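This report concerns only the one structure given below.
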Amino acid sequence: MASYSPVFSAQFIVYTDAAPILAYEVPSGFTAVVRDFSLYTEAGGVVGQLLLADAAGSPECVVASIGALGVAAYGQWQGRIVAPGGAFLTLSLTSEDLGTSAYVGGYLLRNNLT
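Take the sequence shown: its letters are residues 293 to 406, numbered as in our numbering.
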């Protein structure tokens, strides 16, 4: 009988003033599928770029970019970015002003069907 690996929704990066997390390493034995990237600012303007690197110290490539400009401004990207175990997702923000928050999430898939 085949066994199945459950699909887990995961928050990869959640940036707020209280928890300024800007990077996530995909655990070994898993594959991350980024489905959503959101950005919010209370006032002003901010551009966020989601970067992907194969491993620590590897060149990064921009895989998604969004902006939010104005009062209570919001930007969102939805799609699919697949990152293997050992890869790094990094969020780059043009400003980290008070009231800026960002979210990167999707699915964390286990590579083994056990």
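Ideal Cβ positions, reconstructed from N, Cα and C, are used throughout, including at glycine. These figures come from a predicted structure and were not determined experimentally.
In the DSSP assignment, E317 falls within the beta strand (DSSP E) that extends over A315 to E317.
As computed with DSSP, R402 is found in a beta bridge with F322.
Of all alpha-carbon atoms in C353, L314, L331 and R372, the one lying nearest the alpha-carbon of A365 is that of L331. Here G349 is exposed, its C-beta having fewer than 16 other C-beta atoms within 10 Å.
The continuous beta strand (DSSP E) containing P376 extends over residues A365 to P376. Under the 10 Å beta carbon count, T308 is surrounded by fewer than 16 other beta carbons and is classified as exposed.
A302 is positioned such that its CB atom lies no closer than 7 Å to that of L401. In this structure the region 373 to 382 lies against the region 332 to 344, because at least three pairs of beta carbons, one per stretch, are closer than 8 Å. When the alpha-carbon of R372 is set against those of R327, T323, A315 and I305, the nearest one is in R327. Counting of Cβ neighbours within 10 angstroms places V318 among the buried residues, the total reaching 16 or more. For G337, the enclosing beta strand (DSSP E) covers residues G337 to A345.
When the five nearest sequence neighbours on each side are left out, the beta carbons in the same chain lying within less than 6 Å of the beta carbon of T392 are those of T333 and V338, in order along the chain.
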